[in-house]
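Worksheet: the structure to be examined is printed underneath.
2 protein chains.
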Amino acid sequence: EAFYGKPVTVADREMVESESDTILANAQTVNVAFLVVGDPFGATTHTDLVIRAKELAIPVETIHNASIMNAIGACGLQLYNFGQTISMVWFTDTWRPDSWYPRVKENRDIGLHTLCLLDIKVKEQSLENMARGRLIYEPPRFMTVNTCLEQMLEIEEKRGENAYGPETLAIGCVRLGTSTQLFVSGTMEQLLDEDFGEPLHSLVLIGKRMHVMEAEMVRGFCPEKYQAKFDEIYKRDYES
Amino acid sequence: EAFYGKPVTVADREMVESESDTILANAQTVNVAFLVVGDPFGATTHTDLVIRAKELAIPVETIHNASIMNAIGACGLQLYNFGQTISMVWFTDTWRPDSWYPRVKENRDIGLHTLCLLDIKVKEQSLENMARGRLIYEPPRFMTVNTCLEQMLEIEEKRGENAYGPETLAIGCVRLGTSTQLFVSGTMEQLLDEDFGEPLHSLVLIGKRMHVMEAEMVRGFCPEKYQAKFDEIYKRDYES
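Sequences listed follow chains A and B, in order.
For the first sequence, the UniProt record's numbering gives the first residue as 1, with consecutive numbering after it.
For the second sequence, the UniProt record's numbering gives the first residue as 1, with consecutive numbering after it.
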C-alpha cells in the first residue's frame, strides 16, 4: 500500500467470482484498479467483471500485461505453431476429468504444439473442513510437470486414441519469466522423473510441424543423457 | 536516450535480420539491451538472435511483454478457444500468397477462432528504387481490416473449400491497447466497408465453438445496423 499510495484489497478467487458487486461498488464515482497476474483476459473471470461494469455504465480501461500465453515463446517454439491451450487439474480417486484430451488430439492431428497450464490450489478447503463449514485453508499447492505427465499418459492409455504417447517430445517450462527460468526437453517418458524444482510449472507437447529452427532451440534444452533418444524420435516422427 | 540514460540505436528489420553481429558485438563484456514491440519470442527473428548469442557464450536475459497474441483476449473471445495465428501480406498483381488459408481452415474445421495479423511496411523500397540501389524508402503503410477481408474473401472464392465465407462472423480489432482501442463485430461482408480509422488493425474470424459468454461480449461490439444479421447468423451457424 505504501508503494501504490492507495488502499489495497487482496482479492482471492472466491471474492472475484462471487463478490464482484463489492469490487465494482462506487466505481462510477471513484477510480478502482483491479490488478491481476498475467494478461487480464486469458479466461472468463475478468471478462465477466467487464460485462458487469458495462451494465453499470462504469468505464473500464485495461492495461495489458505479459502472460504465459505468449512468454511461452521463450521455449523456442513459435507462437504461430501453437494450437489450443489446455488446463490440467489434479485427479482425485473419483474424479479424473479428461475433457482436455480431444483438444490435445485436435492440435496434434494437425501438427501443432500444445501449451498445458497446470493446476494451482490456493486458499482451498479440505472436503472435511468444507463439510463442517470451517474456513481453514490447505497450504498452497502447485502441480508439477511430473504429475501432469503422469495424468496425461494415464488418460492416453485409457482412451488409446493416440493423441500422444510416452515417446512424444515435450518441454518442461518452469518458473518462466523469473531469474531461475528453466526449460528441459525430452520425451514424455524421460521427463516423468526429471526434477524441475520449485513452481510454477508448465508443459508443452511438441507438434510434428516443428520448424528446423524451432528444433535447434528445443534440442538445446535437452540434457545430454536424453539426447540420443531425442535425436532418434526427432528423426523418426518429426523431421519432414 | 535521455530517458534511458544510455545511447540508443534504432534497429530496423534489415539490421536485425542481416547485421546481428553488430548487435551482439562486445556483448560479452558490456550490457546490451535489445528492445522490441510486443513479446520478443512471437516470431523467429529474435530466437535467432538468442541462438547466436548462445554460440558466442553471451548470457541472455529476457523481460517479457504484453503482446497482441494475448491482449486480443480483450475482444471478448477466450484465448483457450483460439487456434493458429496467421499473418496476412499485401497482394500484388503477380503475388497473391494463400499459404495461410489451410491454417484458417484447420482452425475453423474444429470450431476455433483465428487471429489475423496484418502487414506493416516500414522502411520499404519501391521496386524501382531497389533496382537502382537507391536507399529511398516509401512512407510507412499499415494494412486495414478492409484490405484483409477483401483478400480473404477473394481467396475463399478462388479455392472454394469453405473455410469461411461472407457470412462468417468476425471482429475488427483496432489500436488494441491504446486509448482509442475499438472492436467492431459483424459478418465479414458487413465489415468490408466499415471505417476503422487509424492503424494498427487486426482481425479475428470467430470459430463455431463460441461460448455464450463470449457471444455476449462480442455482440456488445456489433453496431446496431448489423445486429439483426448478427443474431440471424449466430442462431443459424454458431449456437450449439
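Each residue gets a CB set at the ideal place from its N, CA and C atoms; glycine is no exception.
Whose Cβ in chain B lies nearer than 7 Å to the Cβ of residue i?
| i | result |
| --- | --- |
| Ile110/A | Glu106 |
| Ile51/A | Glu216, Met217 |
| Thr47/A | Gly76, Met213, Met217 |
| Ser67/A | Asn70 |
| Gly207/A | Simply none; closest approach about 10 Å. |
| Gly83/A | Gly83, Gln84 |
| Leu182/A | Those within 7 Å of Leu182/A in chain B number zero; the least Cβ separation is about 13 Å. |
| Leu169/A | By Cβ distance, chain B contributes nothing, its closest Cβ being about 17 Å from Leu169/A, past 7 Å. |
| Leu200/A | Going along chain B, no residue has its Cβ under 7 Å from Leu200/A, so there is no contact; the nearest lies around 14 Å. |
Using the rule of at least 16 other Cβ atoms within 10 Å of the residue's Cβ for burial, across every protein chain shown, is residue i buried or exposed?
| i | result |
| --- | --- |
| Met210/B | buried |
| Tyr238/B | buried |
| Ala33/A | exposed |
| Tyr226/A | buried |
| Glu61/A | exposed |
| Asp39/B | buried |
| Glu214/A | buried |
| Ile233/A | buried |
| Ala74/B | buried |
| Glu106/B | buried |
| Ser179/A | exposed |
| Phe3/B | exposed |
| Leu118/A | buried |
Going by beta-carbon coordinates alone, are residue i and residue j separated by less than 8 Å?
| i | j | result |
| --- | --- | --- |
| Leu182/B | Cys116/B | no |
| Glu167/B | Glu189/B | yes |
| Gln151/A | Met88/A | yes |
| Pro223/B | Val184/B | yes |
| Thr114/B | His201/B | no |
| Leu205/B | Val50/B | no |
| Ile72/A | Leu176/A | yes |
| Glu194/B | Gly172/B | yes |
| Asn129/B | Ile136/B | yes |
| Leu24/B | Arg52/B | yes |
| Gly111/B | Lys208/B | yes |
Residues of chain A with CB under 8 Å from residue i, in chain order?
| i | result |
| --- | --- |
| Ala57/B | Here the premise fails: no neighbours, minimum Cβ distance about 13 Å. |
| Leu191/B | Those within 8 Å of Leu191/B in chain A number zero; the least Cβ separation is about 21 Å. |
| Tyr226/B | Ordered by position in chain A, no residue passes the 8 Å Cβ test against Tyr226/B, which lies about 19 Å from the chain. |
Along chain A, which residues have their Cβ under 7 Å away from the Cβ of residue i?
| i | result |
| --- | --- |
| Ala74/B | Phe41, Thr62 |
| Tyr164/B | Ordered by position in chain A, no residue passes the 7 Å Cβ test against Tyr164/B, which lies about 17 Å from the chain. |
| Leu127/B | Neighbours of Leu127/B on chain A: none; closest Cβ ~28 Å, over 7 Å. |
Rounded to whole angstroms, how far is the Cβ of residue i from the Cβ of residue j, which I believe are closer than 8 Å?
| i | j | result |
| --- | --- | --- |
| Val8/A | Glu1/A | 5 Å |
| Met217/A | Thr47/B | 6 Å |
| Ala163/A | Arg108/A | 5 Å |
| Leu191/A | Leu149/A | 6 Å |
| Gly220/A | Lys54/B | 7 Å |
| Gly186/B | Phe142/B | Gly186/B to Phe142/B, Cβ: 21 Å. No contact. |
By the criterion of Cβ-Cβ separation under 9 Å, what are the contact partners of residue i in chain B?
| i | result |
| --- | --- |
| Gly220/A | Ile51, Lys54 |
| Gly177/A | Thr62, Ile63, His64 |
| Leu35/A | Those do not exist, as Leu35/A stays about 14 Å from chain B at its closest Cβ, beyond 9 Å. |
| Tyr101/A | What Tyr101/A touches in chain B: nothing, since even the nearest Cβ is about 14 Å away. |
| Tyr238/A | Here the premise fails: no neighbours, minimum Cβ distance about 17 Å. |
| Leu203/A | None at all; the shortest Cβ gap to chain B is about 16 Å. |
For residue i, which residues in chain A fall below 9 Å Cβ to Cβ?
| i | result |
| --- | --- |
| Tyr234/B | Under the 9 Å cutoff, chain A gives no residues; its nearest Cβ is about 17 Å from Tyr234/B. |
| Leu118/B | Those do not exist, as Leu118/B stays about 15 Å from chain A at its closest Cβ, beyond 9 Å. |
| Leu149/B | Per Cβ cutoff of 9 Å: no residues; Leu149/B is ~21 Å from chain A at best. |
| Tyr4/B | Correct list: empty, because the minimum Cβ distance to chain A is about 20 Å. |
| Leu24/B | Going along chain A, no residue has its Cβ under 9 Å from Leu24/B, so there is no contact; the nearest lies around 17 Å. |
State yes or no: is the C-beta of residue i nearer than 7 Å to some heavy atom of the ligand ZN?
| i | result |
| --- | --- |
| Gln28/B | Annotation note on the ligand ZN: not contained in the displayed structure, which lists no ligands. |
| message | With a threshold of 8 Å, are at least 3 pairs of Cβ atoms found where one atom belongs to the region 76 to 94 of chain B and the other to the region 63 to 83 of chain A? | response | Yes: at least three Cβ pairs fall under 8 Å.
| message | Quick test of the definition: if touching needs 3 or more C-beta pairs under 8 Å, does the region 158 to 166 of chain B touch the region 95 to 112 of chain B? | response | In short, these stretches touch, since the Cβ pair count reaches three.
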